[in-house]
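Student: Provided herewith is a single structure, encoded as structure tokens, for subsequent inquiry.
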Amino acid sequence: AQKVTQAQTEISVVEKEDVTLDCVYETRDTTYYLFWYKQPPSGELVFLIRRNSFDEQNEISGRYPWNFQKSTSSFNFTITASQVVDSAVYFCARISNFGNEKLTFGTGTRLTIIP
Amino acid sequence: GAVVSQHPSWVICKSGTSVKIECRSLDFQATTMFWYRQFPKQSLMLMATSNEGSKATYEQGVEKDKFLINHASLTLSTLTVTSAHPEDSSFYICSARVWGYEQYFGPGTRLTVT
């Protein structure tokens, strides 16, 4: 299985600080997609970011600038000016572009924003 | 668009009974639906993949006779936990896919077996 690794198990930061969540993935594919999801205490997965392997240009989606480095197989994203409502578990995931490939999740990073 | 619902959102049942969880795609037709299980403080683990009108494909280690999946239409898949036991208590999440890679997730169902 092609793994997704989130080395940070838990992070706590003070409100309004920026925080970067790390994700490293394994892939044998040339074409794949990467995702970040947020899971608040309610449990529902909230889609945040999608990046395909074609485009290495880093962008900003609202408060979430991300950093995709294909050479190091990393897909990190930053929450800028963190808020208490950002407290949640964040999952990184990848999927190949082929047929019935399964979505592989990382182990998650629990983020706590301290007011 | 691309809304997936699950029913019930939470359920408590007694050990030995069966529980059915529904997953519906509300505004699109899903050729494939996925069922995930998530234990507390763990990641999502894929249980099975179901395609409309055919048998589900189960992941290694998932008992197909215990977790019955039916995908009778392009908008509905059901997961039945048969003879539930306390160790089946978990958060069950479904997702639906039209084609390609994009999956849309339901809000999840929290199952507690007493």
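So the sequence lines, in the order shown, correspond to chains U and V. Last residue of the first sequence: number 412 in our numbering, and the count goes up by one each step with no gaps. Last residue of the second sequence: number 1389 in our numbering, and the count goes up by one each step with no gaps. Where a beta carbon is used, it is the ideal one built from N, C-alpha and C, also for glycine. From a predicted model like this one, the values you see are computed outputs, not experimental measurements.
(1) Using only alpha-carbon positions, find the residue among V:D1340, V:H1346, V:T1355, V:A1359 that is nearest to T1306 of chain V.
(2) Using the beta-carbon count (16 or more within 10 Å), is K1289 of chain V buried or exposed?
(3) What does I392 of chain U reach in chain V if we use C-beta pairs closer than 7 Å?
(4) Taking CB distances under 8 Å as the criterion, tell me whether T341 of chain U reaches chain V.
(5) On the three-pair Cβ rule with 8 Å, is the segment 1353-1365 of chain V touching the segment 1325-1343 of chain V?
(6) What is the DSSP secondary structure of V301 of chain U, reduced to helix, strand or coil?
(7) What is the DSSP secondary structure of S393 of chain U, counted as helix, strand or coil?
(8) Could you check if R391 of chain U is buried or exposed, using at least 16 other CB atoms within 10 Å of its CB as the buried criterion?
(9) Taking the alpha-carbon positions, what's the V382 of chain U to R1372 of chain V distance?
(10) S1280 of chain V versus chain U: which residues are under 7 Å apart at the beta carbon?
(11) Report yes or no: is there a C-beta of chain U within less than 8 Å of the C-beta of R1385 of chain V?
(12) With a threshold of 8 Å, are at least 3 pairs of Cβ atoms found where one atom belongs to the segment 365-385 of chain U and the other to the segment 397-409 of chain U?
(13) Could you confirm whether any beta carbon from chain U is found closer than 8 Å to the beta carbon of I1368 of chain V?
(14) In terms of residues, what are the limits of the beta strand (DSSP E) holding V310 of chain U?
(15) Taking the beta strand (DSSP E) that W1310 of chain V falls in, what are its first and last residues?
(16) The beta strand (DSSP E) spanning F1303 of chain V covers which residue range?
(17) Less than 6 Å between C-beta atoms, sequence neighbours within five positions excluded: which residues of the same chain meet that for K1295 of chain V?
Tutor: If we stick to the structure as given:
(1) For this step, residue 1306 of chain V is matched to residue 31 along the second sequence. That would be V:H1346, whose Cα lies nearest to the Cα of T1306 of chain V.
(2) The residue you call residue 1289 of chain V lines up with position 14 of the second sequence. Exposed, since its Cβ has fewer than 16 Cβ neighbours within 10 Å.
(3) Against the first sequence, residue 392 of chain U aligns to sequence position 95. Correct list: Y1376.
(4) On the first sequence, position 44 is the one that residue 341 of chain U refers to. In the sequence as presented, Thr is not what sits at residue 341 of chain U; that position holds Glu. Chain V contact via Cβ: present.
(5) yes
(6) Working through the first sequence from its first residue, we reach residue 301 of chain U at position 4. Strand at V301 of chain U.
(7) Within the first sequence, residue 393 of chain U is the residue found at index 96, counting from 1. S393 of chain U falls in the strand class under three-state DSSP.
(8) Position 94 of the first sequence holds residue 391 of chain U. Buried: at least 16 other Cβ atoms inside 10 Å.
(9) Taking the first sequence and counting its residues from 1, one reaches residue 382 of chain U at position 85. Taking the second sequence and counting its residues from 1, one reaches residue 1372 of chain V at position 97. Each residue's alpha carbon lies about 29 Å from the other.
(10) Numbered from 1 along the second sequence, position 5 holds the residue referred to as residue 1280 of chain V. In chain order: nothing, as chain U lies at least about 11 Å away.
(11) Residue mapping note: residue 1385 of chain V aligns to position 110 of the second sequence, counting from 1. Yes, its Cβ sits closer than 8 Å to a Cβ of chain U.
(12) yes
(13) What you label residue 1368 of chain V is simply residue 93 of the second sequence in a count that begins at 1. Cβ-Cβ to chain U under 8 Å: yes for I1368 of chain V.
(14) Numbered from its first residue, the first sequence carries residue 310 of chain U at position 13. Run containing V310 of chain U: 307-311, per the beta strand (DSSP E) assignment.
(15) Here the question's residue 1310 of chain V lines up with position 35 in the second sequence. Looking at the DSSP string, the run of the beta strand (DSSP E) that includes W1310 of chain V is 1307-1313.
(16) Along the second sequence, read from residue 1 onward, the residue named residue 1303 of chain V stands at position 28. Premise fails: F1303 of chain V is in no beta strand (DSSP E) and is neither H nor E.
(17) Position 20 of the second sequence, counted from the start, is the residue given in the question as residue 1295 of chain V. Within the same chain, K1295 of chain V has close Cβ partners T1353, T1355.
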